[in-house]
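**Student:** So that we are looking at the same thing, I have put the structure below in structure tokens.
2 protein chains.
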Amino acid sequence: MQVSLSEIKFDANGLVPAVVQDAETNEVLMMAYMNRESLQLTLEKGETYFWSRSREELWHKGATSGNVQRVVDIRVDCDADTLLVRVHPAGPACHTGNQTCFYRTMTTDGRP
Amino acid sequence: MQVSLSEIKFDANGLVPAVVQDAETNEVLMMAYMNRESLQLTLEKGETYFWSRSREELWHKGATSGNVQRVVDIRVDCDADTLLVRVHPAGPACHTGNQTCFYRTMTTDGRP
Chain B
452 MQVSLSEIKF DANGLVPAVV QDAETNEVLM MAYMNRESLQ LTLEKGETYF WSRSREELWH
512 KGATSGNVQR VVDIRVDCDA DTLLVRVHPA GPACHTGNQT CFYRTMTTDG RP
Chain H
452 MQVSLSEIKF DANGLVPAVV QDAETNEVLM MAYMNRESLQ LTLEKGETYF WSRSREELWH
512 KGATSGNVQR VVDIRVDCDA DTLLVRVHPA GPACHTGNQT CFYRTMTTDG RP
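Respectively, the protein sequence lines represent chains B and H. The first sequence maps to residues 452 to 563 in the working numbering. The second sequence maps to residues 452 to 563 in the working numbering.
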């Protein structure tokens with residue numbers, strides 16, 4: 452089943468969350484937001500583009516670091532309001548130098 | 452490195468996005484939102500609880516379907532504003548009966 456750009460449900464701020472997964476290892480690398488323009492660019496260029504909410508600007512992942520993410524495919528959830536972008540990363544996803552942004556674990560001090 | 456509940460950055464609505472991944476297959480199953488109470492419950496009970504934005508209520512995943520998600524660990528991203536919940540699912544994550552909510556692919560009609 453295929454979903455077109457026009458079917459994607461952007462939120463009140465015009466954004467859709469995009470989970471980025473390594474297509475080879477299946478490791479989840481990061482989560483960021485796309486607006487329509489960055490999603491269109493991602494489809495056109497075959498590399499990930501996001502909308503930076505803090506800087507309020509388009510953000511081509513890897514433009515400065517070189518750690519671009521080549522897109523393998525983009526999956527869409529049942530509500531069409533979340534994307535799963537499967538990529539081949541040229542380097543670490545995280546600005547800390549870690550391969551994934553999810554390199555920490557929660558303490559389980561909430562457990563009884 | 453370990454992160455405690457008090458360090459999690461909930462958004463203006465008191466929510467944090469939670470990506471759910473099958474701990475065995477590494478398949479990404481769904482994305483939903485947790486508030487502090489549902490995250491606390493998830494930690495305490497060892498099964499996933501979310502905040503349903505549409506129904507505006509706590510949601511114990513699998514309470515009616517039986518398809519609970521047993522938590523293996525919870526990873527936290529570099530900004531502490533997104534969770535990656537690794538689980539053993541008792542059944543399909545999606546209300547459509549699909550194993551994952553991400554069972555559709557985007558058309559690449561945006562490509563040149």
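C-beta: ideal position from N, C-alpha, C; glycine also. Bear in mind that the values here come from a model prediction, so they are computed numbers and not experimental data.
Using 8 Å for Cβ pairs, my map puts residue 537/B next to residue 526/B. What's the rounded Cβ distance?
**Tutor:** 7 Å
**Student:** Could you name the residues that DSSP lists as bridge partners for residue 490/H?
**Tutor:** The partner list for residue 490/H (beta bridge, DSSP) is empty, contrary to what the question assumes.
**Student:** Which first and last residues belong to the beta strand (DSSP E) in which residue 527/B is found?
**Tutor:** 520-527
**Student:** Can you tell me whether residue 457/H is helix, strand or coil according to DSSP?
**Tutor:** helix
**Student:** Residue 540/B: which of 460/B, 474/B, 465/B sits nearest, CA to CA?
**Tutor:** 474/B
**Student:** Candidates 501/B, 531/B, 530/B: which alpha carbon is nearest residue 519/B's?
**Tutor:** For the options 501/B, 531/B, 530/B, the alpha carbon positioned closest to that of residue 519/B is the one of 501/B.
**Student:** Determine whether the beta carbon atoms of residue 535/H and residue 479/B lie at a separation below 8 Å.
**Tutor:** yes
**Student:** Against residue 468/B, what residues of chain H qualify as contacts under a CB-to-CB distance less than 7 Å, listed in chain order?
**Tutor:** 468, 482
**Student:** Interface residues of chain D around residue 535/B at Cβ under 7 Å?
**Tutor:** The chain labelled as chain D is not found among the protein chains of the depicted structure, namely B and H.
**Student:** Identify, in the order they occur along the chain, each residue of the same chain with its Cβ nearer than 8 Å to the Cβ of residue 482/B, setting aside the five sequence neighbours on each side.
**Tutor:** 468, 469, 470, 471, 552
**Student:** Throw me the rounded Cβ distance for the residue 460/B and residue 531/B pair, which I believe falls under 8 Å.
**Tutor:** 5 Å
**Student:** One question on the structure: do residue 559/B and residue 494/H come within less than 8 Å of each other, judged by their Cβ atoms?
**Tutor:** yes
**Student:** Where residue 465/H and residue 486/H are concerned, what is the direct C-alpha to C-alpha distance, given to the nearest angstrom?
**Tutor:** Going from the Cα of residue 465/H to the Cα of residue 486/H covers about 6 Å.
**Student:** Going along chain H in order, which residues have a C-beta closer than 7 Å to the C-beta of residue 524/B?
**Tutor:** 556
**Student:** If we define contact as Cβ-Cβ less than 8 Å, is residue 511/B a contact residue for chain H?
**Tutor:** no
**Student:** Taking Cβ positions, are residue 556/H and residue 453/B nearer each other than 8 Å?
**Tutor:** yes
**Student:** Residue 566/H touches chain B at which residues, Cβ-Cβ below 8 Å?
**Tutor:** Nothing can be reported for residue 566/H, as the shown portion of chain H is limited to 452 through 563.
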